[in-house]
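Novice:
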Amino acid sequence: MFFRRLREGLHGVRQRWSGGLSALFSGKTTDAAFWDRLEELLIGGDVGVDLSLRYVDALKKEAGAKGLSSPEQLLPLFEEMMVSQLSAIPLMGEPVTLKKGELTVLVFVGVNGSGKTTTAGKLAFQWTKDGYDVLLAAADTFRAAAIDQLQVWGDRAGVRVVAQQQGSDAAAVVYDALQAARASGAEALVIDTAGRLHSKHNLMEELGKMYR
82 MFFRRLREGL HGVRQRWSGG LSALFSGKTT DAAFWDRLEE LLIGGDVGVD
132 LSLRYVDALK KEAGAKGLSS PEQLLPLFEE MMVSQLSAIP LMGEPVTLKK
182 GELTVLVFVG VNGSGKTTTA GKLAFQWTKD GYDVLLAAAD TFRAAAIDQL
232 QVWGDRAGVR VVAQQQGSDA AAVVYDALQA ARASGAEALV IDTAGRLHSK
282 HNLMEELGKM YR
């Protein structure tokens, strides 16, 4: 039921975003308002500011080089560009599958309020129910009560939660969790992180530190 609700929620977001793009590319002209709206939709769809600007600039250049002037003519180029970028992401569109005796690490990243902690907890609950050895890591050391919230999920699932005090170094939490997962033979380490926007350089650098 959890996964069904998640799919339905994501479907609604996708429908609203694709509806905006469909309306834009059904227009008559590629004037300044068209490019501004495309940029707005891409950024609003969490494509990222820098990447959105690169998409718009590349599409403008392609339109000029090929003499395309209508949104309808640009749509195939836009779709090709998006598919090319998404298909380059490792494991894009593939389900997360655990393997007995092998450690799989998942890091939940997203903006505040997107449901990272809840989803991490529910996954831990489901995978434990399915017979896997799971560990949770409370690497959201900024938000008040984030560690307690994840601990509640850990208690429900019967899963150990690796945590430190609020304000601690998130990378240190991840390091401790990895050591604990390897030592215990865990098959899944689910890491909850603090909410962040991709435009916040210091918070994105923190993710890089966790990865290292």
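Numbering-wise (this note's numbering), the sequence shown opens with residue 82 and increments by one.
We put the beta carbon where it would ideally sit given N, CA and C, even for glycine.
Bear in mind that the values here come from a model prediction, so they are computed numbers and not experimental data.
(1) At which residue ranges does the region 211-279 contain complete alpha helix (DSSP H) runs of 4 or more residues, listed in the order of the chain?
(2) In whole angstroms, give me the CA-to-CA distance for serine 133 and glycine 202.
(3) Thinking valine 267 and aspartate 214 are a contact (beta carbons under 8 Å), I'd like their distance in whole angstroms, please.
(4) Is threonine 199 closer than 8 Å to aspartate 221 when the C-beta atoms are compared?
(5) In or out: valine 164 buried (at least 16 other Cβ within 10 Å) or exposed?
(6) Could you please give me the residues that DSSP links to valine 186 through a beta bridge?
(7) Cβ atoms of alanine 244 and valine 233: under 8 Å apart, would you say?
(8) Assuming leucine 187 and methionine 162 are in contact, meaning their beta carbons sit under 8 Å apart, how far apart are those beta carbons, in whole angstroms?
(9) Nearest-angstrom Cα distance between lysine 180 and tryptophan 208?
(10) So what's alanine 205 in DSSP terms, helix, strand or just coil?
(11) Determine the DSSP secondary structure at proline 157, reduced to helix, strand or coil.
(12) Could you check whether leucine 216 and valine 240 sit closer than 8 Å to each other, using their CB atoms as the reference points?
(13) What separation, rounded to the nearest whole angstrom, lies between the Cα atoms of proline 157 and glutamate 143?
(14) State buried or exposed for alanine 238, treating a residue as buried only when at least 16 other CB atoms are found within 10 Å of its CB.
Specialist: Looking at the coordinates:
(1) 227-238 and 251-265
(2) Spanning the two alpha carbons is a distance of roughly 32 Å.
(3) In the sequence on display, residue 267 carries alanine and not valine. Confirmed, Cβ separation roughly 5 Å.
(4) no
(5) exposed
(6) In the DSSP output, where bridge partners are listed per residue, valine 186 has Leu270.
(7) no
(8) At roughly 29 Å, the Cβ-Cβ gap does not stay under 8 Å, so leucine 187 and methionine 162 are not in contact.
(9) 11 Å
(10) helix
(11) helix
(12) Yes, Cβ-Cβ distance for valine 240 and leucine 216 is below 8 Å.
(13) Each residue's alpha carbon lies about 12 Å from the other.
(14) buried
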